[in-house]
Every structure is written in structure tokens, then in C-alpha cells.
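See below for the structure under consideration.
4 protein chains.
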Amino acid sequence: MSLAELSTRLRAFAAARDWEQFHTPKNLAMALSGEAGELLSLFQWLTPEQAAQAMSDPELAANVEDEIADVLIYLVRLADVLDVDLVKAANAKIDRNETRFPRIKDA
Amino acid sequence: MSLAELSTRLRAFAAARDWEQFHTPKNLAMALSGEAGELLSLFQWLTPEQAAQAMSDPELAANVEDEIADVLIYLVRLADVLDVDLVKAANAKIDRNETRFPRIKDA
Amino acid sequence: MSLAELSTRLRAFAAARDWEQFHTPKNLAMALSGEAGELLSLFQWLTPEQAAQAMSDPELAANVEDEIADVLIYLVRLADVLDVDLVKAANAKIDRNETRFPRIKDA
Amino acid sequence: MSLAELSTRLRAFAAARDWEQFHTPKNLAMALSGEAGELLSLFQWLTPEQAAQAMSDPELAANVEDEIADVLIYLVRLADVLDVDLVKAANAKIDRNETRFPRIKDA
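Taken in order, these protein sequences are the chains called A, B, C and D.
When we follow the working numbering, the leftmost residue of the first sequence carries the number 157, and every step to the right adds one.
When we follow the working numbering, the leftmost residue of the second sequence carries the number 157, and every step to the right adds one.
When we follow the working numbering, the leftmost residue of the third sequence carries the number 157, and every step to the right adds one.
When we follow the working numbering, the leftmost residue of the fourth sequence carries the number 157, and every step to the right adds one.
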């Protein structure tokens with residue numbers, strides 16, 4: 157499924173629950189940040205080494221996937237209500253970063 | 157461009173700058189949360205009505221697109237280093253949410 | 157109890173649980189941000205009017221106090237491990253803000 | 157200066173700039189989370205060892221103090237508009253944590 161199809165699914169999900177009234181840019185930016193905070197909390201007491209092995213612990217892996225999913229869900233909803241093309245915006249930013257941060261080795 | 161292609165582009169971008177050493181799960185979760193906070197700050201003093209019109213102000217719109225891009229970029233990098241399929245994880249979460257939050261109207 | 161006494165209490169609390177090893181600046185900044193995100197999530201679906209009345213709902217009020225407490229706890233711990241005087245730092249910042257943002261009315 | 161005096165100073169600061177209209181609980185929770193995100197960003201690419209030495213770099217130290225100050229400022233403003241006693245709330249939370257997390261050594 158593409159990101160566009162995910163966006164359509166989420167739009168229908170919100171409509172079927174009469175949640176569009178809550179999905180304002182301000183509220184969605186808050187929800188996105190809150191979920192990013194929950195994701196963060198999964199890693200906060202881990203050493204860098206433990207965090208790098210997070211996905212080999214099934215319970216932690218499930219929580220990580222769950223929080224990553226929530227971040228993507230609110231990001232896609234926010235982009236939809238603001239009419240922002242997510243992948244296009246990311247590519248435009250990477251184009252600018254190509255100039256700001258020169259390559260130091262051949263890939 | 158698909159999300160998979162964006163992920164490949166970002167992986168090459170990091171490799172060409174020797175940034176893989178910084179792109180640990182813990183650091184990327186921090187960067188993601190920091191960028192979500194910057195996005196949040198664009199809306200913090202706006203009324204709900206002003207926030208809903210954010211994209212009709214060209215300067216604010218550019219900043220919103222820029223911060224949304226940064227959130228997506230770090231989310232895609234994090235999913236890549238953790239080997240999480242972003243869209244699959246989101247769909248699995250929406251499947252669970254379909255059960256948790258019943259529809260109240262036909263879409 | 158003053159903020160200095162709270163800091164001393166929290167330092168002893170951490171020591172008695174052998175948690176100093178986890179209370180690094182990086183980890184505490186993550187915990188602080190995660191708790192700020194939980195606080196945010198309490199307000200995310202509320203209208204401005206509902207949020208302004210948050211403390212008249214006993215259950216919500218208890219959650220708000222709980223999350224505010226968590227933010228302060230991690231902020232005080234972070235300031236302690238970094239040896240930052242919180243109130244002094246805040247006053248120095250307000251001094252700078254007095255210049256940046258002129259008064260528009262007599263208080 | 158005590159936290160109560162800091163709160164009074166911040167209240168007067170907001171009043172003198174007609175900012176009370178912006179200092180709603182929802183907006184202040186957003187500002188708090190945004191500033192916690194900026195603090196986080198100062199540590200995101202540092203190793204745990206580098207982060208532990210943050211205050212020996214004068215420029216980084218100044219930025220850390222600045223962001224810590226901003227977090228405290230918005231936390232104090234939020235507690236003021238919600239009429240929450242910050243230190244009392246923190247102590248009540250630590251009381252509960254004393255039970256949840258037993259001591260493992262004598263302090």
C-alpha cells in the first residue's frame with residue numbers, strides 16, 4: 157500500500173467516527189508530538205547498545221512498531237488536512253540538505 | 157517516489173556523509189521528537205482558526221512543509237535502521253483501531 | 157519545600173535505587189521530553205475552552221498534576237546532574253526577554 | 157528567588173505584553189513540549205560521554221541553560237494558569253513513587 161492509499165484509509169477512518177472535528181492542524185501536531193514522545197520513552201533508559209538491539213526483544217519490538225505506526229498515522233493525517241505532499245516535501249528538504257552538507261565520501 | 161525509494165535515498169545520503177554512526181535508534185528517536193517539537197512550535201500561539209489557515213500564509217506554509225519533511229525524514233531513517241515496514245506497521249495499527257473504536261456512521 | 161530541597165530529595169531517591177547510572181543528561185532530556193509529550197496528550201483533543209476548564213474535572217485534574225509533576229521531576233534531576241541553577245537560569249532568560257519583547261502596557 | 161516569586165514575575169511579564177490571551181493551558185503545554193524538544197536536540201548527536209561533558213563547552217553550556225530556562229518558564233506559567241502547586245505536585249508524585257519503586261540500598 158502506498159502512502160497515498162494510507163492517507164485515504166485514515167481519512168475514511170476519521171470520517172466514519174466523526175473525528176474530523178478533532179483533526180485540526182493544531183490538534184494533530186500535538187498528537188504527533190505526543191506519540192513521538194511515547195516512542196522516545198521506549199529508548200530513554202537503554203544504553204546505545206541496548207537500543208540498537210531493541211528489535212530482538214519481541215515485546216519491545218511490538219511497542220516500537222506500535223509507536224512508530226502512531227507517529228506515521230498522525231503525520232499522514234496532518235499532511236492530509238494541510239494538503240502537503242509528504243514525500244515531495246521530504247525530497248525538497250533533502251535537495252536543500254545536499255547543498256548544506258557536502259558529501260565526504262562516495263556512496 | 158515511494159516511501160521505499162525515499163528510504164533508499166536517505167540511506168545513501170547518510171552513508172555519503174559518514175553519518176551512520178550518529179543514526180542509532182536512540183539518536184533518531186530524539187531527532188524525530190525534536191523535529192515534532194519544532195512543528196508544534198509553529199502552531200502554538202495560533203488560534204484553531206488561524207492554524208486551520210496556516211497554509212495560506214506563504215512563509216508559514218514553507219516552514220510547516222519544512223518541519224513536516226524533517227519529521228518524515230527521521231521517521232523513515234529510524235524505521236530503516238530498525239528494519240520496520242512503516243506502512244505495514246501503520247496498517248496493522250489501524251486494523252486494531254478498527255476494533256477499538258467502532259464506526260458511528262457510514263463513510 | 158524549596159526547589160533546592162526537592163532536588164536533594166530526588167537525588168537521594170535516585171541513589172537509593174541505584175538509578176544514577178540511568179540519569180545521564182541525554183537520558184534525562186529524553187525523559188523530560190517524553191513527559192512533556194504525555195502532558196500534551198491530555199490537552200490534544202480538547203477545545204481551548206475545554207482545556208481552560210481542565211482542572212474542574214477531577215480525573216483530568218489528577219492526570220494533569222501527575223504529568224506536570226513528572227516534567228518538573230525530570231527537569232530538576234537534569235539541572236542537578238548538569239549543575240544548572242534552574243531559577244537563576246530562568247531569571248537570566250527573562251532578563252534577556254525583557255529587552256527582546258518591550259512592554260506594551262503598565263502592569 | 158523562590159519558584160513562587162518566579163511565577164509572579166512571569167505573570168507580570170505576560171500581563172505587560174498582553175500575552176495572557178495566548179497563555180492558555182493548551183498553548184502553554186505546546187510551548188513546553190516544543191522547548192523540551194529544543195533541549196533534546198542539543199544532545200541528540202552526542203555520545204553519552206559527550207553529553208555528560210556538555211557543560212564544559214561554553215557555547216553548548218549556554219544553549220543548555222537557555223533551553224532549560226525556557227522549559228521551566230513555560231512549566232511555571234502553565235502551573236500558574238492551571239493553579240497547580242508545582243513543588244507540592246512533585247512531592248506527591250515522589251511519595252507515590254517511593255511505594256512503586258522500593259529502595260535497594262541505603263542512601
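Yeah, the Cβ is synthetic: ideal placement off N, Cα and C, and Gly gets one too.
Counting C-beta pairs with one atom in each stretch, the region 184–191 of chain D and the region 205–220 of chain D have fewer than three that are closer than 8 Å, which means they do not touch. Secondary structure of isoleucine 229 (chain D) (DSSP, three-state): helix. The region 223–234 of chain D and the region 159–174 of chain D touch, with three or more beta-carbon pairs separated by less than 8 Å. Between the region 246–255 of chain A and the region 169–184 of chain A, the count of Cβ pairs shorter than 8 Å is below three; the stretches do not touch.
Assignment of phenylalanine 178 (chain C) by DSSP, reduced to helix, strand and coil, places it in the coil class.
Chain B has no Cβ within less than 9 Å of the Cβ of threonine 255 (chain A). By the C-beta criterion, the region 192–204 of chain B is judged to be in contact with the region 188–197 of chain A, since at least 3 inter-stretch pairs fall below 8 Å. Among the residues of chain A, those whose CB is under 7 Å from the CB of glutamate 221 (chain B) are Val240, Ala245, following chain order.
In the three-state scheme derived from DSSP, where H, G and I count as helix and E and B as strand, methionine 211 (chain A) is classed as helix. At a cut-off of 9 Å between beta carbons, proline 258 (chain A) contacts chain B. Not a single CB atom of chain C sits nearer than 9 Å to the CB of proline 181 (chain B). The beta-carbon distance between alanine 208 (chain D) and phenylalanine 199 (chain D), rounded to whole angstroms, is 10 Å. This is too long to meet the 8 Å contact definition. In the three-state reduction of the DSSP assignment, serine 197 (chain C) falls in the helix class.
When the beta-carbon positions are compared, leucine 162 (chain D) and alanine 246 (chain C) come within less than 9 Å of each other. Classified as buried, serine 197 (chain A) has 16 or more neighbouring CB atoms from the shown chains inside 10 Å of its CB. Between the beta-carbon of lysine 182 (chain C) and that of proline 258 (chain D) there is about 27 Å, and that puts the pair past the 8 Å contact cut. In this structure, the straight-line span from the alpha carbon of phenylalanine 178 (chain C) to that of aspartate 236 (chain C) is close to 14 Å. In terms of Cβ geometry, serine 158 (chain A) and valine 240 (chain B) do not form a close pair [threshold 9 Å].
The residue among B:Arg233, B:Leu202, B:Asn219, B:Asp222 with its C-alpha nearest the C-alpha of glutamate 176 (chain B) is B:Arg233.
Around the beta carbon of isoleucine 224 (chain D), 16 or more other beta carbons lie within 10 angstroms, which makes this residue buried. Residue contact with chain B for alanine 185 (chain C): present (Cβ-Cβ distance below 9 Å to some residue of chain B). From the listed residues B:Lys249, B:Ala248, B:Glu221, B:Ala217, the smallest Cα separation to alanine 248 (chain A) is found for B:Glu221. Rounded to whole angstroms, the gap between the alpha carbons of isoleucine 260 (chain B) and alanine 217 (chain C) is 29 Å.
Counting along the chain, the unbroken alpha helix (DSSP H) around lysine 249 (chain C) starts and ends at 242–256. Sequence-distant Cβ neighbours of leucine 202 (chain C) in its own chain, meaning closer than 8 Å and more than five residues away, are Ala210. Using a CB distance below 9 Å, the part of the region 185–201 of chain B facing chain C consists of Ala185, Met186, Ser189, Gly190, Ala192, Gly193, Leu196, ordered along the chain. Taking a beta-carbon distance threshold of 9 Å, proline 214 (chain B) does not count as an interface residue toward chain A. The straight-line gap separating the alpha-carbon atoms of leucine 238 (chain D) and threonine 180 (chain D) is approximately 9 Å.
Interface annotation, phenylalanine 169 (chain B): not in contact with chain D, CB-CB separation never under 9 Å.
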